[in-house]
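**Q** In my numbering, the protein residues as written are 176 to 298.
#1: Which partner residues does residue 197 have in the DSSP bridge list?
#2: At 3 residues or longer, what runs of the beta strand (DSSP E) sit wholly inside the segment 234–261?
#3: Should residue 235 be labelled buried (16 or more other beta-carbon atoms within 10 Å of its own) or exposed?
#4: Could you pull out every residue in the same chain whose Cβ sits closer than 7 Å to the Cβ of residue 288, ignoring the five residues on either side in sequence?
#5: Could you pull the start and end residues of the beta strand (DSSP E) that residue 284 belongs to?
#6: Could you check if residue 281 is buried or exposed, using at least 16 other CB atoms within 10 Å of its CB as the buried criterion?
#7: Let's test the definition: count the other Cβ atoms within 10 Å of the Cβ of residue 273 and tell me whether it reaches 16, buried, or not, exposed.
#8: In angstroms, rounded to a whole number, what distance separates the CA positions of residue 295 and residue 182?
#9: Over the uninterrupted beta strand (DSSP E) stretch that includes residue 297, give me the two end residues.
#10: Output needed for residue 284: all residues of its chain with C-beta closer than 6 Å, excluding positions within five of it in sequence on either side, in chain order.
In structure tokens, the structure reads:
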């Protein structure tokens, strides 16, 4: 049987996001959800870094930077959106963040729909 990478941590992140969406609902800017999710992470003792700069390397040299919304426990990149629906562009952004780092698991979370949307990706 295959073990799901960071299963409990992923569930904890999504659970915190569900609580934020339950309380606030859709309609706010992404920054509002990010702030609320940080409060929820702190309440639940989930370690995180906010607006973390990630370097992109090519043959050992830094060629660019990304800024991830949240990196949880140095194990999961969380990219937040507040749009009507997630698109392939949003997914590609998360996958690029994962490829640019040693982090293997990413969560794409959208607060903009009537129900919380989330996608999990592993590279």
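Every residue, glycine too, gets a C-beta built ideally from N, C-alpha and C.
**A** In short:
#1: The secondary-structure analysis by DSSP pairs residue 197 with nothing; it has no beta-bridge partner.
#2: Along the segment 234–261, the beta strand (DSSP E) occurs as fully enclosed runs of 3 or more residues at 236–247, 251–256, listed in sequence order.
#3: Exposed, because fewer than 16 other Cβ atoms sit within 10 Å of the Cβ of residue 235.
#4: The answer, listed in chain order, is 201, 259, 260.
#5: Where residue 284 is concerned, the enclosing beta strand (DSSP E) starts and stops at 280–285.
#6: By the neighbour-count criterion, in which 16 or more other beta carbons inside 10 Å mark a residue as buried, residue 281 falls on the buried side.
#7: It is buried - the Cβ of residue 273 has at least 16 other Cβ atoms within 10 Å.
#8: Taking the straight line joining both Cα atoms gives about 11 Å.
#9: Unbroken beta strand (DSSP E) run through residue 297: 292–297.
#10: For residue 284, where only same-chain residues beyond five positions count, the Cβ hits under 6 Å are 192, 255, 293.
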